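A.B. asks: Residue numbers (the UniProt record's numbering): 1 to 225.
Note that beta-carbon positions come from the ideal geometry of N, C-alpha and C, so glycine has one too.
Note that the coordinates shown come from a computational prediction; the quantities given were computed from them, not determined experimentally.
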């Protein structure tokens with residue numbers, strides 16, 4: 001087996017297209033194709049780049065045999081895609097009068113999602129930016145019920161447009177709807193038994209946003225942002 005043929009065999013064993021290999025080594029499809037067919041020469045530096053892209057050594061390109069290729073194919077076949085894992089935190093967010101904030105937050109468990117499912121739910125968000133917490137209280141009832149799990153984008157630790165947020169106010173943890181008004185931030189409960197209140201310039205130092213709610217889950221997912 002010639003060098004170009006070995007490169008082609010390794011590429012296919014790694015389930016790479018010619019385009020993927022060419023992109024990885026900073027070349028183009030035509031050059032890689034000609035190299036594999038043995039109608040174009042190559043520099044040692046090019047061969048080193050190809051070896052790196054294929055995850056082998058230059059020596060293996062020169063010496064690899066069918067048995068080793070079969071082994072690589074088997075390894076590629078059994079590779080398992082890492083699941084999309086989200087931390088479920090040991091903390092409760094109040095949708096009522098508030099729960100005193102605890103400075104110590106522990107991870108209860110990791111919730112894993114298949115990557116395709118996670119992409120539908122969370123888009124391209126980094127799983128490290130999403131946390132799950134449980135809601136207590138009924139002030140958001142009709143939208144988020146007591147005991148529901150909420151999925152919070154903790155990268156949004158600032159007001160990023162109207163929506164439902166997890167935040168502390170005077171060391172009390174809340175989940176409420178925040179809406180920007182001309183001269184204040186309105187704190188609204190979807191349960192109309194609770195009165196709205198305001199965050200103004202005079203008291204805004206007591207507000208600390210922890211994240212924005214993306215989804216809630218009881219028996220079904222509900223999208224909030």
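Kindly confirm or deny that the region 180-188 and the region 105-125 touch, where touching means at least three C-beta pairs closer than 8 Å.
C.D. replies: Touching, no, given that fewer than three Cβ pairs across the two stretches are closer than 8 Å.
A.B. asks: Output yes or no for whether 7 Å exceeds the beta carbon distance between residue 131 and residue 154.
C.D. replies: The residue you call residue 131 lines up with position 131 of the chain shown. The residue you call residue 154 lines up with position 154 of the chain shown. Cβ atoms of residue 131 and residue 154: closer than 7 Å.
A.B. asks: Can you tell me which of the three DSSP states residue 109 falls into?
C.D. replies: Locating residue 109 in the chain shown gives position 109, where the first residue counts as 1. The answer is strand: DSSP assigns residue 109 an E or B state.
A.B. asks: Grab me the residues of residue 32's own chain with a C-beta within less than 6 Å of its C-beta, minus the 5 sequence neighbours each way, in chain order.
C.D. replies: For the purposes of this step, residue 32 is taken as residue 32 along the chain shown, with counting starting at 1. If we look at residue 32 and ignore the five residues flanking it on each side, its Cβ neighbours are 18, 21, 22.
A.B. asks: Given this structure, state the Cα-to-Cα distance separating residue 10 from residue 149, to the nearest angstrom.
C.D. replies: On the chain shown, position 10 is the one that residue 10 refers to. On the chain shown, position 149 is the one that residue 149 refers to. If I take the Cα positions, the gap works out to 47 Å.
A.B. asks: Alpha carbon to alpha carbon, how far is residue 174 from residue 136?
C.D. replies: The residue given as residue 174 occupies position 174 in the chain shown. The residue given as residue 136 occupies position 136 in the chain shown. If I take the Cα positions, the gap works out to 9 Å.
A.B. asks: Write down the C-beta distance between residue 165 and residue 213 rounded to the nearest angstrom, noting that I regard them as a contact closer than 8 Å.
C.D. replies: Here residue 165 corresponds to residue number 165 of the chain shown, with the count starting at 1. Here residue 213 corresponds to residue number 213 of the chain shown, with the count starting at 1. Yes, residue 165 and residue 213 are in contact; Cβ-Cβ is about 7 Å, under 8 Å.
A.B. asks: Alpha carbon to alpha carbon, how far is residue 83 from residue 113? Give it in angstroms, no decimals.
C.D. replies: The residue you call residue 113 lines up with position 113 of the chain shown. The residue you call residue 83 lines up with position 83 of the chain shown. Approximately 6 Å between the Cα atoms of the pair.
A.B. asks: Let me know if residue 71 comes out buried or exposed under the rule of 16 or more other beta-carbons within 10 Å of its beta-carbon.
C.D. replies: What you label residue 71 is simply residue 71 of the chain shown in a count that begins at 1. So residue 71 ends up on the exposed side.
A.B. asks: How big is the Cα-Cα spacing for residue 224 and residue 187?
C.D. replies: In the chain shown, counting from the first residue as 1, residue 224 sits at position 224. In the chain shown, counting from the first residue as 1, residue 187 sits at position 187. Approximately 16 Å, taken between the alpha carbons.
A.B. asks: To the nearest whole angstrom, what separates the beta carbons of residue 196 and residue 140, a pair I think is in contact under 8 Å?
C.D. replies: Here residue 196 refers to the residue found at position 196 when the chain shown is read from its first residue. Here residue 140 refers to the residue found at position 140 when the chain shown is read from its first residue. Not really, about 13 Å apart at Cβ, beyond 8 Å.
A.B. asks: How is residue 159 classed by DSSP in three states: helix, strand or coil?
C.D. replies: By 1-based counting over the chain shown, the position of residue 159 is 159. Residue state, collapsed to three classes: coil.
A.B. asks: For residue 59, count neighbouring C-beta atoms within 10 Å of its own C-beta (all shown protein chains included) and say buried if the count is 16 or more, exposed if not.
C.D. replies: Locating residue 59 in the chain shown gives position 59, counting from the first residue. It is exposed - the Cβ of residue 59 has fewer than 16 other Cβ atoms within 10 Å.
A.B. asks: Please tell me whether residue 156 and residue 206 are closer than 7 Å, where the distance is taken between their beta carbons.
C.D. replies: Taking the first residue of the chain shown as position 1, residue 156 is located at position 156. Taking the first residue of the chain shown as position 1, residue 206 is located at position 206. No, Cβ-Cβ distance for residue 156 and residue 206 is not below 7 Å.
A.B. asks: Would DSSP call residue 62 helix, strand or coil?
C.D. replies: Working through the chain shown from its first residue, we reach residue 62 at position 62. Reduced to three states, the DSSP call for residue 62 is helix.
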